[in-house]
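Reading through the structure tokens given below for one structure.
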Amino acid sequence: MTQKALIYCRVSSKRQATDGSGLTSQEKRCRLHASQKGYEIDGVFPDDITGGGDFMKRPGMVAMLGYLKAMEGTQYVIIFDDLKRLARDTKYYLFLKDELAELNATIECLNFNFDPTPEGKFYETIVAAGGELEREQNARQVRQKSIARMEAGYWALNAPLGYKMQTERGKPRILVRDEPNASYIQEVLEGFANGRFETLIESKRFLDTCNEFPKTKSKGVHTDVVKKLLTRSVYAGMVELEQWGVSIRKGHHDGIINMQTFQKIQERLTRKAKTPQRKDLNADFVLRGTVDCAECNGAYTANWSKGRKTSYPYYICRNKGCGSYGKSIRRHDMESQFSEKLREMVVPKPIINTANRMFKLHWDDIDKRREEDSLHAEEQLIDLETESERLIDKIVSSKIPSVTSDLENRMQSIELEKIALQEKISNFSCQTGDFDENFRTALNFLENPYKLWASEKIEHKRAVIKLSFSERLVYDRNDGFRTACKSSPFRLLGALTKGETKMVGRAGFEPATN
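Taking the working numbering, the leading residue of the sequence shown gets 75, the next gets one more, and so forth.
Spelled out as structure tokens, the structure:
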């Protein structure tokens, strides 16, 4: 009866599998060995991940063991080209040999002859231990090189989402933007910093709408991914690796955001969280969570009500004790009335032109204040340098570990503040930018907020609600929306429209004195 055989091949990375011929050459050599021995090959099981640690984490090995269990009663020979392919960890190598023996499988290696004598077993263990030593030495060498690169300001790990590694001959590898994900991430980070996205859920929902952004089929972008985006300093042009002792420092790559934006994000994350946006907010009921019932001041909720042939959308008050409890309002009625309120907020073109001139005067005045702000920032930087030197002296003299740890944390905080100030000073030397380019979108919104409301994107609709009104909307199911408190820009433009503004006299706001 012909002896059955299985071939196991392994390389240490997917790159070796695709760029080289490691798996192919291993399989070819193993097939030649099987042919010379007269074995019949039933299957080939490849792996392209590192061999250190638990062999049960390797898909190819797991598949081969599963095949052996399924073919119980058939004796197989497992062929591989080198002892290192099987395992590079002594403990797991011995476990694997026992597992294969229990499955009635023997092993044959092209580069090693197994000897059942005590001396042969001892030598086999030494060879396996040598593979483990080599693996750990390689890992140490890679770690040392990575630490050196990070300390020099170069990212040394896999490129984070939104970046890719660029290699130029004669130059160190460096992170560069990977579009379109870099732009998606920039919009999320800047939006979270300025309050456009209040919560992780809102940020996630935006990324869910970005077609090319990686996501799961069932749940879209995971909130853990969003949290990593918000908390990783690499996106602010920094490098750090706390687990390897590399403290935060300026990197050679360009940040997707600046350090000031990164600090705003961290401040928002550490502040007392606002009431999180409901998970059931969606394009079906965009006003849910923003409109209160006029009778009980509780928030309206919403649902689909099943009819005879189809389902119908309604807003409804679910607050027990309210006179409107359980009484529904057609979605079309509430949202149409809201649309009419937005249409009423359209600002006449002459008023927008006046506002445009006012903003332009303020824009021009910014450059005049730059020098003063730059000097103030430089003074702050000097103060931080002084505090940093003082803290270093304290750290050196401190003998209490907890105190040293607190001082080191403060040092790191100071370093971040220094980087932000240096970035701020650098920005002072730049031109303010084009006024029309920076304010066109804002003025277009102020002129007619309904245009943005008509967008298909839920984040645009939610932004209109936040930017147009300073308080929650109140709705009476009989009379519709109560008078809403508009946000400051619309109140100002409304006052200009009605001519309610006045110039301040020469004496100013205080009474004139003799």
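Every residue, glycine too, gets a C-beta built ideally from N, C-alpha and C.
* To the nearest angstrom, how far is it from the Cα of I426 to the Cα of Y524? -> By one-based count along the sequence shown, residue 426 stands at place 352. By one-based count along the sequence shown, residue 524 stands at place 450. Cα to Cα, I426 sits roughly 16 angstroms from Y524.
* To do: Let me know the secondary structure DSSP gives M145 once reduced to three states.
  => To locate residue 145, count along the sequence shown from 1; it is residue 71. DSSP places M145 in coil when its eight states are reduced to three.
* CA nearest to the CA of Y399, picked from G372, R382, S462, L80 -> Mapped onto the sequence shown, residue 399 falls at position 325. The shortest C-alpha separation from Y399 is found at G372.
* Quick one: residues in its chain with C-beta nearer than 6 angstroms to the C-beta of T164, no 5 flanking neighbours on either side, listed in chain order? => In the sequence shown, residue 164 corresponds to position 90, counting from 1. Excluding residues within five positions, the ones whose Cβ falls inside 6 angstroms are A202, A203, E206.
* V365 - DSSP class collapsed to helix/strand/coil -> On the sequence shown, residue 365 is found 291 positions in, with the first residue counted as 1. Three-state result, V365: strand.
* Does DSSP put K348 in a helix, in a strand, or in coil? -> As a working mapping, residue 348 is identified with position 274 in the sequence shown. Model confidence at K348 stands at a pLDDT of 49, short of 50, so the residue's coordinates are unreliable; what they give is reported in the following sentence. Coil.
* Residue of V420, L495, K434 minimising C-alpha distance to L455 -> Within the sequence shown, residue 455 is the residue found at index 381, counting from 1. Taking only the C-alpha atoms, the option nearest L455 is L495.
* To do: Helix, strand or coil for E253, going by three-state DSSP, please let me know.
  => Residue numbering aside, residue 253 sits at position 179 when the sequence shown is read from its first letter. Correct three-state label for E253: coil.
* **Residue of R556, D553, E533 minimising C-alpha distance to G269** => What you label residue 269 is simply residue 195 of the sequence shown in a count that begins at 1. The shortest Cα separation from G269 among R556, D553, E533 belongs to E533.
* **Closest residue to V470 among L481, K560, N187 (Cα-Cα distance)** => Here residue 470 refers to the residue found at position 396 when the sequence shown is read from its first residue. Among L481, K560, N187, the Cα nearest to that of V470 is on L481.
* Continuous alpha helix (DSSP H) stretch holding F412: start and end -> As a working mapping, residue 412 is identified with position 338 in the sequence shown. Where F412 is concerned, the enclosing alpha helix (DSSP H) stretches over 405-418.
* To do: Kindly confirm or deny that the segment 280-294 and the segment 257-265 touch, where touching means at least three C-beta pairs closer than 8 angstroms.
  => yes
* Skipping 5 residues on each side, what residues in its chain have a beta carbon closer than 7 angstroms to that of I322? -> Looking up residue 322 in the sequence shown gives position 248. So the list reads S307, M312, E314, Q486, E489, L490, once near-sequence residues are dropped.
* Asked: Shortest alpha-carbon distance to N185 belongs to which of L139, A175, L160?
  -> Position 111 of the sequence shown, counted from the start, is the residue given in the question as residue 185. Among L139, A175, L160, the Cα nearest to that of N185 is on L160.
* Asked: Smallest Cα separation from A376: which of K383, V365, C370, T384?
  -> As a position in the sequence shown, residue 376 is number 302, starting the count at 1. Here the closest residue by C-alpha is V365.
* Asked: How about the segment 78-85 and the segment 106-120: do they share at least three Cβ pairs that are nearer than 8 angstroms?
  -> yes
* Residue range of the beta strand (DSSP E) that includes Q240 -> The residue given as residue 240 occupies position 166 in the sequence shown. Looking at the DSSP string, the run of the beta strand (DSSP E) that includes Q240 is 237-240.
* Please name the residue, chosen from V295, H326, A267, that lies closest to T305 on a Cα-to-Cα basis. => Taking the first residue of the sequence shown as position 1, residue 305 is located at position 231. That would be A267, whose Cα lies nearest to the Cα of T305.
* Touching or not, the segment 213-226 and the segment 139-156, by the rule of three or more beta carbon pairs under 8 angstroms? -> no
* Just checking, does the segment 387-394 make contact with the segment 534-545 on the three C-beta pairs under 8 angstroms criterion? -> no
* To do: Please look up how many angstroms separate the CB atoms of T290 and L274, rounded, as I've assumed it's under 8 angstroms.
  => What you label residue 290 is simply residue 216 of the sequence shown in a count that begins at 1. What you label residue 274 is simply residue 200 of the sequence shown in a count that begins at 1. Rounded, the Cβ-Cβ distance is 16 angstroms, inconsistent with contact.
* To do: Return the chain-ordered list of same chain residues with a C-beta closer than 8 angstroms to the C-beta of V300, the five sequence neighbours on each side being excluded.
  => For the purposes of this step, residue 300 is taken as residue 226 along the sequence shown, with counting starting at 1. Counting only Cβ-Cβ distances below 8 angstroms, and skipping sequence neighbours, we find V262, L274, S277, K278, L281.
* Tell me whether V201 sits in a helix, a strand or coil according to DSSP, three-state version. => For the purposes of this step, residue 201 is identified with residue 127 of the sequence shown, where counting begins at 1. Correct three-state label for V201: helix.
* CB contact flag (E101, V85, <8 angstroms) -> Here residue 101 refers to the residue found at position 27 when the sequence shown is read from its first residue. Here residue 85 refers to the residue found at position 11 when the sequence shown is read from its first residue. No. Outside cutoff.
* To do: Using only alpha-carbon positions, find the residue among L106, W527, E173, G147 that is nearest to M135.
  => As a working mapping, residue 135 is identified with position 61 in the sequence shown. The shortest C-alpha separation from M135 is found at E173.
* To do: Quick one: grab the DSSP three-state call for P133.
  => Sequence index remark: in the sequence shown, residue 133 carries index 59 (1-based). Helix.
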